[in-house]
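Numbering follows UniProt numbering, in which position 16 of the sequence shown is assigned residue number 16; successive positions increment by one, without gaps.
Beta carbons are placed, not taken as given, at the ideal position from N, Cα and C, and that holds for glycine.
Predicted model, so just to flag it, every value in this text is computed and none were measured.
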Amino acid sequence: MIRIFSKFFRELLLYKSALVGIIIIVSLIVLSLYAVITIPYEEAVKRWNSIEYWEDFSKNAMPSWINFFTHKKLPENIILDSREQKNYINKTIISLSGGKYIQRILLTFNYIYDDFPSEIILRIYSNSTKQFTTQITWIKPGEIEYILGRRLLRGYEAYYISRDEDFLKRFNANLVSKIGSKPSYDLDVTIALFAKEDPSILNRDTVEVSRGEYRVIVDILMSEEDINNIQIDAKLVVYGKVYGIAGTDHRRRDLALALLWGAPIALAFGLIASVTITFMQMFIAAISAWYGKSLDFIVQRMTEILMVLPFLPMVLMISYFYKITIWMLLLVIILLSIFGSGVKSYRAMFLQIKELPYVEAAMAYGASSFRMIFRYMIPKILPTMIPTIVLSVPDFVFLEAALALLGVGDPQAVTWGRVLEDAAREAALYKGYYYWILEPSMLLLVTALGFAMLGLALDKIFNPRLREM
Numbered sequence: 001m002i003r004i005f006s007k008f009f010r011e012l013l014l015y016k017s018a019l020v021g022i023i024i025i026v027s028l029i030v031l032s033l034y035a036v037i038t039i040p041y042e043e044a045v046k047r048w049n050s051i052e053y054w055e056d057f058s059k060n061a062m063p064s065w066i067n068f069f070t071h072k073k074l075p076e077n078i079i080l081d082s083r084e085q086k087n088y089i090n091k092t093i094i095s096l097s098g099g100k101y102i103q104r105i106l107l108t109f110n111y112i113y114d115d116f117p118s119e120i121i122l123r124i125y126s127n128s129t130k131q132f133t134t135q136i137t138w139i140k141p142g143e144i145e146y147i148l149g150r151r152l153l154r155g156y157e158a159y160y161i162s163r164d165e166d167f168l169k170r171f172n173a174n175l176v177s178k179i180g181s182k183p184s185y186d187l188d189v190t191i192a193l194f195a196k197e198d199p200s201i202l203n204r205d206t207v208e209v210s211r212g213e214y215r216v217i218v219d220i221l222m223s224e225e226d227i228n229n230i231q232i233d234a235k236l237v238v239y240g241k242v243y244g245i246a247g248t249d250h251r252r253r254d255l256a257l258a259l260l261w262g263a264p265i266a267l268a269f270g271l272i273a274s275v276t277i278t279f280m281q282m283f284i285a286a287i288s289a290w291y292g293k294s295l296d297f298i299v300q301r302m303t304e305i306l307m308v309l310p311f312l313p314m315v316l317m318i319s320y321f322y323k324i325t326i327w328m329l330l331l332v333i334i335l336l337s338i339f340g341s342g343v344k345s346y347r348a349m350f351l352q353i354k355e356l357p358y359v360e361a362a363m364a365y366g367a368s369s370f371r372m373i374f375r376y377m378i379p380k381i382l383p384t385m386i387p388t389i390v391l392s393v394p395d396f397v398f399l400e401a402a403l404a405l406l407g408v409g410d411p412q413a414v415t416w417g418r419v420l421e422d423a424a425r426e427a428a429l430y431k432g433y434y435y436w437i438l439e440p441s442m443l444l445l446v447t448a449l450g451f452a453m454l455g456l457a458l459d460k461i462f463n464p465r466l467r468e469m
């Protein structure tokens, strides 16, 4: 047995297409194992469908490797949290008259990028629901200082700095008095807080980023009792325009999670469907060919009926009437496919095998029907099934992606098809988010290529026209 397998693999590796296919499939298996080991599926689904988990991620950020191909260095996320002990984060208490105190939180960061951030948010954390008067001060390089505003903040509250229209009005007025003119475009807060305040700011094509050290001061006015009993912290998030290896989507989710977990789901879906359907079709064909008569008539008529019925509309109808998970979708596909065209192909093979001399000899010796089917007939066509199984895996991988693109299946699942469905719904190509479409599409194509190249090599080895029946 070992010698047979050794000879088979030596013959298989003679084909370069098989070698490339094996490398691709092994890579996908390694990627799948990494996903399963590092992030359990339940945790991956929980993260993917959570809003809070992704709140510190940029929206529609391109992959970080884009910076290697652009003349501008696009910004990455900058997160400063006063709950962390860092040398660029400082918390002090300033005593005032009348038993009042100021809890001061100083957040310092260097901005070294050539483009402006996409958003800026300051989050306040407190172990109390009490409101406190809070003043936020923004200091740019060159000690240019702006008071963003005084406001009442409580508990967990987010101050969307990049949406502060009041500050923008004050900044525009200050810009007119400083430069003598207003910008020729609709200035936004991110540009106001990060641009050089010189004539270049007046035109969108010439505006420049002021690179250097930035400081954000959060002053919270508190009483003596509050200063001793209430813990207040601040987190500043300066959202960039690039993130990670795969970028993010419209819900700030890291696409790397979906691309990573899409691999084991795609392989499992494709392999289970391919193996199950192929073996069930073969088994049904064997029974039909062996017993013949009325059983054969019923099987053939059922096969012809299901071959005529439209497969895709039936799946769509079932999914719209019933809320199904991805594994229920797999079961539906298997049930609708077991009486497919493969039954007729395998039946034709079994009818030829049934007439072979060694089969007739076994019948003469009184072998049971079970033995005839599983000992003398099925093993004869097993080699022809291997290429069929391998070549049909991409069909079911693409089918799952296509159904997801049509909104069919489990809305909670983390799959490549679901990523494509989100991208299509959000008009990713129209908005210029090409990575959102290309990354899952390339993984689907590479998966199909790997199985197709291996399957073609196996077909050359096991082709029944080249073997004795």
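For A158, the enclosing beta strand (DSSP E) has its first and last residue at E157 to Y160.
Taking C-alpha positions only, K169 is separated from I25 by approximately 58 Å. By the 16-neighbour rule on beta-carbons within 10 angstroms, T388 is buried. Excluding its 5 nearest sequence neighbours in each direction, A18 has C-beta neighbours in its own chain below 6 Å: L12, L454 and A457, listed in chain order.
Within 10 angstroms of the beta-carbon of A35 lie 16 or more other beta-carbons, which makes it buried.
Pairwise C-beta distances place the stretch 249 to 262 out of contact with the stretch 132 to 145, as fewer than three of them are shorter than 8 Å. Under DSSP, the beta-bridge partners assigned to L107 are I89 and V216. K130 is not bridged by DSSP to any residue. Annotation for D422: the continuous alpha helix (DSSP H) segment containing it runs W416 to R425. With a cutoff of 8 Å on beta-carbon distance, Y376 and V393 are scored as not near each other. Distance from the CA atom of I265 to the CA atom of S6, rounded to whole angstroms, is 31 Å. F9 and V20 have their C-alpha atoms spaced approximately 14 Å apart. Checking the DSSP bridge columns, you'll see K100 partnered with S223.
Excluding its 5 nearest sequence neighbours in each direction, K235 has C-beta neighbours in its own chain below 6 Å: D81 and R123, listed in chain order. Taking a 10 Å sphere around the C-beta of R163, we find fewer than 16 other C-beta atoms and assign the residue as exposed. Apart from the 5 residues on each side of it in sequence, A258 sits with its Cβ closer than 6 Å to the Cβ of V414 and V419 in its chain, given in chain order. Taking C-alpha positions only, Y433 is separated from P63 by approximately 10 Å. Taking C-alpha positions only, P199 is separated from K182 by approximately 10 Å. In the assembly as shown, E208 is an exposed residue. Its beta-carbon has fewer than 16 other beta-carbons within 10 Å.
Approximately 6 Å separates the beta-carbon atoms of L330 and I272; this is inside 8 Å, confirming the contact.
Per DSSP, reduced to three states, the secondary structure at K140 is strand.
Bridge pairing for Q135: R150 and D219 [DSSP]. Pairing K100 with S184 gives a Cβ-Cβ distance that is not under 8 Å.
For the 8 Å CB-CB criterion, Y239 and S118 form a contact. Its chain contains A457 as the residues whose beta carbon lies nearer than 6 Å to that of Y15, once the 5 sequence neighbours on both sides are disregarded; these appear in chain order. About 7 Å separates the beta carbon of L403 from that of G417, a gap short enough to meet the 8 Å contact definition. Fewer than three beta-carbon pairs drawn from the stretch 41 to 61 and the stretch 280 to 291 are found closer than 8 Å, and the two stretches are therefore not classed as touching. DSSP places A361 within a helical segment (H, G or I) once states are collapsed to three. Approximately 10 Å separates the beta-carbon atoms of M307 and S337; this is outside 8 Å, ruling out the contact.
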